[in-house]
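S.K.: Take the sequence shown: its position 315, counted from the start at 1, is 315 in the UniProt record's numbering, and no numbers get skipped. Idealized CB from N, CA, C, for every residue including glycine. Quick one: this structure, given as structure tokens, is what I'll be asking you about.
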Amino acid sequence: AVYQQVSHWRVQAMCNCGVCGVNISCPSPLVRGTLGGSALLSVTYTSTSSDQPVIKWQLKRNKPVTVVQSIGTDIIGNLRPEYRGRILLYENGSLLLHHLQLSDEGAYEVEISITDDTFTGERYVNLTVDVPVSRPFVHMVASSVLELTELFILNCTHDSGTKLTYSWQKGGKSLTNDSRLLLSHDQKVLTISHVVMSDDDVYSCRVENSISSMKSLPVKLTVYRRSSLYIILSTGGIFLLITLVTVCACWKPSKKYQLYCHYPFSLIGLKQAVINLTSSHCCCKNSLCLPLKALCVSGDYAEWLQSRLMGTFWSRYSNQTRKPQIRMSDSKCSSIKTIFPFTL
């Protein structure tokens, strides 16, 4: 800026002495562009000559890159591949760049000279190219935390954006670093140390750059007292116990699975697919329910069933005066029929 001002004074001084050059003005020395969009590097010039100006735009790097050179609006030579189809030059010297790329960012120098003029005018225009910010969201490992927890972290996350700045709000008010609420160097992460009840609030973050700004949806952080946790757990346990007791007291088996025996341990375990019951009997999967009258068992397992009934089952009811009797089945059952003489 100092160089431009000195150059301007120099041109004015030479004009006052009767020798004048090209005077370039730039209404906006800083232009902010969006990736994929367009940017106008606007300049105007004045000269005492009516001849066509020679215009040259360069992107300043360690080694300057010539963007375009022209006489008036007629381009001289061939454009570099990265600029073909992307630039437009105006008569006043302004340069329009289409389909902006991140590599287009930088300081541009324009030089305008006319044959009759002694001095060449120069100006600089700075171009920035950014990606718009997507909507951020606050990421937390959980929406609730216990009082006196050592550390709790909130992370401001987003998908896109360049050259970003972050800020946080708690309850709609801006947050800054203090002894417990700690912001990371880039302010992307908020860490709450030694959680207290006053941390129970609504949090949000804002992400912005030179071309856009977005705010996250607010999230609620709930802080529970440690004593409240014990009350919640004990209440839940009592409720579960009451529910189980109520269900057990009210439950009645359907007729399909109803046991006819009044004795406990009325299920005798049998191998699957061994039992072949008539319609008047009941059974449970992989188990035998003592029937009201009789049951039919595959002949291959008749001896085994007899030992079970006369041994294992009878040992449980040894106080009975009579033992179950086993006899061959009638014509309805081609195996063994067991008759229980108990009052069922």
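#1: So what does DSSP say about D159, is it helix, strand or coil?
#2: Determine, using beta carbons only, whether D159 and V129 come nearer to each other than 9 angstroms.
#3: Since S113 and P53 should fall inside the 8 angstroms C-beta cutoff, what is the C-beta to C-beta distance between them, to a whole number of angstroms?
#4: Measuring CA to CA, which of S70, V195, K188, G161 is closest to S204?
#5: If you count every other CB in all the chains shown that lies within 10 Å of the CB of V178, and 16 or more means buried, which is it?
#6: Please classify A39: is it buried, with 16 or more other beta-carbons within 10 angstroms of its beta-carbon, or exposed?
#7: Pairing CB atoms from the segment 82-90 with CB atoms from the segment 128-142, are three or more of them under 8 angstroms?
#8: Mapping the DSSP letters down to three states, classify V247 as helix, strand or coil.
#9: For V141 and I153, I'd like the C-alpha separation in whole angstroms.
#10: Taking only three categories from DSSP, how would you classify L148?
#11: In the DSSP assignment, the beta strand (DSSP E) including H139 goes from what residue to what residue?
#12: Quick check: what's the CA-CA separation for V196 versus V223?
#13: Quick check on the burial criterion: 16 or more other C-beta atoms within 10 angstroms. Buried or exposed for L97?
#14: Rounded to whole angstroms, what's the CA-CA distance from H190 to L182? Just pull it up for me.
#15: Would you grab the beta carbon distance between residue 382 and L89 for me? Rounded to a whole angstrom, and I think it's under 8 angstroms.
#16: Taking 6 angstroms as the limit between beta carbons, can you name the residues of its chain near E111, skipping five residues before and five after?
#17: According to DSSP, simplified to helix, strand and coil, what is D200?
#18: Using beta-carbon positions only, say whether L100 and T34 come within less than 9 angstroms of one another.
#19: Let me confirm a value: K220 is counted as buried when at least 16 other C-beta atoms fall within 10 Å, else exposed. Which label applies?
#20: Measuring CA to CA, which of L41, N23, G21 is closest to L30?
#21: Start and end of the beta strand (DSSP E) containing G37?
#22: Going straight from the alpha carbon of residue 353 to that of G237, what length do you get?
#23: Which residues bound the beta strand (DSSP E) around E111?
#24: Tell me whether E91 sits in a helix, a strand or coil according to DSSP, three-state version.
#25: Does S143 pass the burial test, meaning 16 or more other C-beta atoms within 10 Å, or should it be called exposed?
#26: Would you identify the three-state DSSP class for G121, choosing helix, strand or coil?
#27: Does DSSP classify L79 as helix, strand or coil?
#28: What did DSSP end up calling R226 once you bin it into helix, strand or coil?
#29: Grab me the residues of G37's own chain with a C-beta within less than 7 angstroms of its C-beta, minus the 5 sequence neighbours each way, in chain order.
#30: Please report the straight-line C-alpha distance between E147 and S213, rounded to a whole angstrom.
#31: Cα-Cα, which of T149, T46, L240 is closest to N92?
#32: Apart from the five residues just before and just after E109, which ones in its own chain have a Cβ nearer than 7 angstroms to its Cβ?
#33: Starting from S193, trace the beta strand (DSSP E) in both directions and tell me its first and last residue.
#34: Tell me whether D199 is buried or exposed, calling it buried when 16 or more other Cβ atoms sit within 10 Å of its Cβ.
M.R.: Taking the coordinates as given:
#1: coil
#2: no
#3: 7 angstroms
#4: K188
#5: Per the sequence presented here, residue 178 reads as Asp, with Val not at that position. Under this definition D178 is an exposed residue.
#6: buried
#7: no
#8: helix
#9: 8 angstroms
#10: coil
#11: 137-140
#12: 7 angstroms
#13: buried
#14: For clarity, residue 190 is Leu in the given sequence; the question names His instead. Approximately 6 angstroms between the Cα atoms of the pair.
#15: The structure shown does not extend to residue 382, since the chain is modelled only from 1 through 344, so no value can be given for it.
#16: K56, T120, E122
#17: coil
#18: yes
#19: exposed
#20: L41
#21: Taken as a continuous stretch (DSSP letters only), G37 belongs to no beta strand (DSSP E), as it is neither H nor E.
#22: With the chain covering only 1 through 344, there is no way to say anything about residue 353.
#23: 106-113
#24: coil
#25: exposed
#26: strand
#27: coil
#28: helix
#29: L100
#30: 34 angstroms
#31: T46
#32: Q58, K60, E122, Y124
#33: 189-193
#34: buried
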